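*Asks:*
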Amino acid sequence: MINFYNVTKLYPNGVKALNDISLAINRGEFVFLVGPSGAGKTSLIKIIFREELPTRGQALFNGKNIARLKGREVPYLRRKIGMVFQDFRLLPQKNVFENVAFAMEVTGASTKQIKTRVPLVLERVGLLEKARVFPSELSGGEQQRVCIARAIVNNPAVLIADEPTGNLDPDTAWGLMELLEEINKSGTTVIMATHAKEIVDAMKRRVVAMSGGRITRDEEGGVYSNEL
Amino acid sequence: MSFNTLAYYWREALQSIARNSWLSAASVGTVAVSLLIVGIFALLVVNTNEFTRGLESGLELRVILREGQSRDSIRNLQGEIQKLPGISLVEFVSKEQALEEMKKSLKNRRDILEGLENDNPLPDAFRVKSARADQIPDLAARLEGMEGVDQVVYGHGLVEKLVSATRWARLAGTGILAVLCLAAVFLISTTIRMSVFARRKEIGIMVLLGATNWFVRFPYLLEGMILGFLGAVLAGSAVYAGYISLVSYIDQTLPFVHPVTDRQTIFMVLGGVLATGLFIGAVGSIFSIRRFLKT
Ligand SMILES: Nc1ncnc2c1ncn2[C@@H]1O[C@H](COP(=O)(O)OP(=O)(O)OP(=O)(O)O)[C@@H](O)[C@H]1O
Ligand SMILES: [Mg+2]
């Protein structure tokens, strides 16, 4: 469903964030993207989401060249992808319910659809009781779960999470992983960029390791690092 | 488009206006002032057009006859005038007819002429029309030299002067209008820019959540159009109220002047003011949306 063919990303300042990347991710997979800071994980995600365009090579989503999408087609690509941002990107003046509802509102959903769907999703991430609470009154883990609720509320084909456990304690991080696993079981493709070694090692899923803009390893049931 | 989306557009637009209330008020004020002038100007043009049209169709000479002439000599004179080149009409207007005409044009203030029937000060005259306006001065000189003619009256280039004067007024007015409309557009676009700026984070998130460009833009377009419309409503009501009272004042004091009062023309002017307000608002917001939402 996601295919990269010799994708290179050169930022205007001359940094080569991705160097000749080829990669295929199939529907329903659960993929860990690992590698040291600056390896190019976020850059790869941004190309899928069309926040950045590849300098060379092709990136396809469902067989369509992402870079060639017309301006008005881009929103529809983004609606197929649920994004969990590393820095949450919640709206501070909207409460939990409204933040999740916003993702539906933006797609032109009706009030009725929103009222039935949002509580279901909040229930799923265990935040139904906090629906009227504002982001500033939530813990980091809770905010992360709001982000996930917002990412899955439109039933995306892919869920992409960029270091979602970055600022969570181990217990909360594991709670989150169970949630992602569940979402993946219901048929959603999940891509997760992470530095969390224990989690990757324990989950025994496909691991794509990157370093210096290249893919250094790609294996099913892999671990975070082969060294040591 | 769901009802919820429409409600969203209105909510966002009204919230923005409330948030930048001072700047919004300034925009509405500028639009109102500009359109006030547009409205006044439009009514002025409508009235001068009507007035010059009246003058042009009445482009005629009045040949005033000496008192106490016999019917025969008047008839002879009429025959002679008819023979002159370039004459399209010669019509005898007796002093009684002249008084009747004056009464008609005074309409509801005819009481001024009360009691003149018995001692009519108006002279007998011929109404002479020339085929061409530029021949009138020559014709007047010839008529003046004829037997039994007291004097010849005509509007010495009045029509031409009026036409060129209104053309200049129109040109200058259009220039002033353009400047004022630009100022209004500028202020509205500044207001919208403030709204966009206040929400730039939200807009960024909307775009990432898959909002279409039009979904993002529409509230700002709406905001600009609301501001333009409010300004137009203010200007339109002021123009309407002002014109109505001016017309009734003129009716009382200057019974010779007949301002345009038919509803269709006035409502057309007011409709034009409203449309211009909406247009200014839309253009103003499109300017700033374009610059800020390039996606
Ligand atoms: N917008 C940008 N402009 C210029 N250089 C950039 C930009 N974004 C990233 N880079 C550079 O590209 C390289 C890869 O960055 P990227 O964010 O993809 O790494 P990462 O693997 O996500 O790292 P981390 O684990 O720290 O998030 C880095 O050297 C970074 O400095
Ligand atoms: Mg990163």
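Chains as they are written, first to last, in the working numbering: chain A, 1 to 228; chain B, 1 to 295.
Even glycine gets a Cβ: it sits at the ideal position worked out from N, Cα and C.
A quick note: this is a predicted structure, and the numbers were derived from the prediction, not measured.
Any C-beta of chain B sitting closer than 9 Å to the C-beta of Ile114(A)?
*Replies:* For Ile114(A), the answer is yes, since a Cβ of chain B falls inside 9 Å of its Cβ.
*Asks:* Give the straight-line distance between the Cα atoms of Val31(B) and Phe267(B), rounded to the nearest whole angstrom.
*Replies:* When rounded, the distance between both Cα atoms is 19 Å.
*Asks:* Does the beta-carbon of Phe197(B) have 16 or more other beta-carbons within 10 angstroms, so that it is buried, or is it exposed?
*Replies:* Exposed.
*Asks:* Does the distance from the C-beta atom of Gly224(B) to that of Ile136(B) stay below 9 Å?
*Replies:* Contact: no.
*Asks:* What residues does ligand 1 have around it, judged by CB closer than 5 Å to any heavy atom, in chain order?
*Replies:* After applying the 5 Å Cβ criterion, the set is Tyr11(A), Asn13(A), Val15(A), Ala17(A), Ser37(A), Gly38(A), Ala39(A), Gly40(A), Lys41(A), Thr42(A) and Ser43(A).
*Asks:* What residues of chain B sit near Leu180(A), judged by a beta carbon separation below 9 Å?
*Replies:* Under the 9 Å cutoff, chain B gives no residues; its nearest Cβ is about 19 Å from Leu180(A).
*Asks:* List, from N- to C-terminal side, the beta strand (DSSP E) runs of 3 residues or more that fit wholly inside the region 136–194 of chain A.
*Replies:* Counting whole runs of 3 or more residues, the region 136–194 of chain A contains the beta strand (DSSP E) stretches 158–162 and 189–193.
*Asks:* Anything in the region 106–140 of chain A with a Cβ closer than 9 Å to a Cβ of chain B? List those residues in chain order, please.
*Replies:* The region 106–140 of chain A vs chain B, Cβ under 9 Å: Val106, Thr107, Gly108, Ala109, Ser110, Thr111, Lys112, Gln113 and Ile114.
*Asks:* Comparing the C-beta of Ala103(A) with each C-beta of chain B, is any distance below 9 Å?
*Replies:* Yes, Ala103(A) counts as interfacial toward chain B.
*Asks:* Can you name the start and end residues of the beta strand (DSSP E) that Ala125(B) belongs to?
*Replies:* Where Ala125(B) is concerned, the enclosing beta strand (DSSP E) stretches over Ala125 to Ser130.
*Asks:* Beta carbon of Leu168(A), beta carbon of Val84(A): below 9 Å?
*Replies:* No, they are not a contact pair.
*Asks:* Interface residues of chain B around Pro75(A) at Cβ under 7 Å?
*Replies:* Those are Gly210, Ala211 and Thr212, listed as they occur along chain B.
*Asks:* To the nearest angstrom, how far is it from the Cα of Thr5(B) to the Cα of Val190(A)?
*Replies:* About 30 Å.
*Asks:* Do you know how far the Cα of Asn19(A) is from the Cα of Gly228(B)?
*Replies:* Using only the alpha carbons, I get a separation of about 53 Å.
*Asks:* How far does the beta strand (DSSP E) with Ala209(A) in it extend, from its first residue to its last?
*Replies:* It spans Arg206 to Ser211 - the beta strand (DSSP E) in which Ala209(A) sits, taken as one unbroken run.
*Asks:* So Met83(A) contacts chain B; which residues on that side make the cut at Cβ distance below 9 Å?
*Replies:* Going along chain B in sequence order, the residues near Met83(A) (Cβ under 9 Å) are Leu208 and Leu209.
*Asks:* Please specify which runs of the beta strand (DSSP E), each continuous and at least 3 residues long, are wholly inside the region 261–291 of chain B, giving them in chain order.
*Replies:* The qualifying runs do not exist here; there are none.
*Asks:* Please report the straight-line C-alpha distance between Asn26(A) and Phe279(B), rounded to a whole angstrom.
*Replies:* Whole-angstrom Cα-Cα distance: 51 Å.
*Asks:* With respect to the alpha helix (DSSP H) encompassing Ser43(A), which residues constitute its N-terminal and C-terminal limits?
*Replies:* Lys41 to Ile48 is the extent of the alpha helix (DSSP H) around Ser43(A).
*Asks:* On the CB-based measure, 16 or more other CB atoms within 10 Å of its CB, does Asn49(B) come out buried or exposed?
*Replies:* Counting Cβ neighbours within 10 Å, Asn49(B) comes out exposed, since fewer than 16 surround it.
*Asks:* Taking the alpha carbon of Ile205(B) as the reference point, which residue from Ile66(A), Ala196(A) and Ala151(A) has its own alpha carbon closest?
*Replies:* Of Ile66(A), Ala196(A) and Ala151(A), the residue nearest in Cα terms is Ala151(A).
*Asks:* Tell me the DSSP bridge mates of Asn3(A)?
*Replies:* Asn3(A) pairs with Ala24(A) and Leu60(A).
*Asks:* Between the region 234–243 of chain B and the region 33–41 of chain B, do at least 3 Cβ pairs fall closer than 8 Å?
*Replies:* As far as the Cβ criterion goes, the region 234–243 of chain B touches the region 33–41 of chain B, which means the pair count is three or higher.
*Asks:* Look up Gly82(A) in the DSSP assignment and give the residues it is bridged to.
*Replies:* Gly82(A) is bridged to Leu159(A).
*Asks:* By alpha-carbon positions, which one of Val207(B), Ala275(B) and Asp251(B) ends up nearest to Gly71(A)?
*Replies:* Nearest C-alpha to Gly71(A): Val207(B).
*Asks:* Measure how close the beta-carbons of Ala17(A) and Gly35(A) come, nearest whole angstrom, since I'm counting them as under 8 Å.
*Replies:* In fact, because the Cβ distance is near 12 Å, the residues do not count as touching under 8 Å.
*Asks:* Where do the ends of the alpha helix (DSSP H) carrying Val207(B) lie?
*Replies:* Start and end: Arg200 to Leu208.
*Asks:* Going straight from the alpha carbon of Arg205(A) to that of Glu178(A), what length do you get?
*Replies:* Each residue's Cα considered, the two are about 13 Å apart.
*Asks:* Quick check: what's the CA-CA separation for Leu128(A) versus Leu91(A)?
*Replies:* Computed Cα separation, rounded: 18 Å.
*Asks:* With distances taken from CA atoms, which of Phe134(A), Val133(A), Lys9(A) and Ile81(A) is nearest Ile148(A)?
*Replies:* Checking every option, the nearest Cα to that of Ile148(A) belongs to Ile81(A).
*Asks:* According to DSSP, simplified to helix, strand and coil, what is Glu60(B)?
*Replies:* Looking at Glu60(B) - three-state DSSP - the assignment turns out to be strand.
*Asks:* Counting only the same chain and skipping the five closest in sequence on each side, list residues whose C-beta sits under 7 Å from that of Ala140(B).
*Replies:* Closer than 7 Å at the Cβ level, and outside the excluded window around Ala140(B), lie Leu61, Val152 and Tyr154.
*Asks:* Under 8 Å Cβ-Cβ, which residues of chain A neighbour Ser297(B)?
*Replies:* Shown here, chain B extends from 1 to 295; a query on residue 297(B) therefore has no answer.
*Asks:* Beta carbon of Asp162(A): closer than 8 Å to some heavy atom of ligand 2?
*Replies:* Asp162(A) Cβ: within cutoff of ligand 2.
*Asks:* Please determine whether the Cβ atom of Ala209(A) lies at a distance below 8 Å from any heavy atom of ligand 2.
*Replies:* Outside the cutoff, so no.
*Asks:* Closest to Lys9(A) by C-alpha separation, out of Ile183(A), Phe30(A), Ser37(A) and Gly213(A), would be which residue?
*Replies:* Lys9(A) has its Cα closest to that of Gly213(A), out of Ile183(A), Phe30(A), Ser37(A) and Gly213(A).
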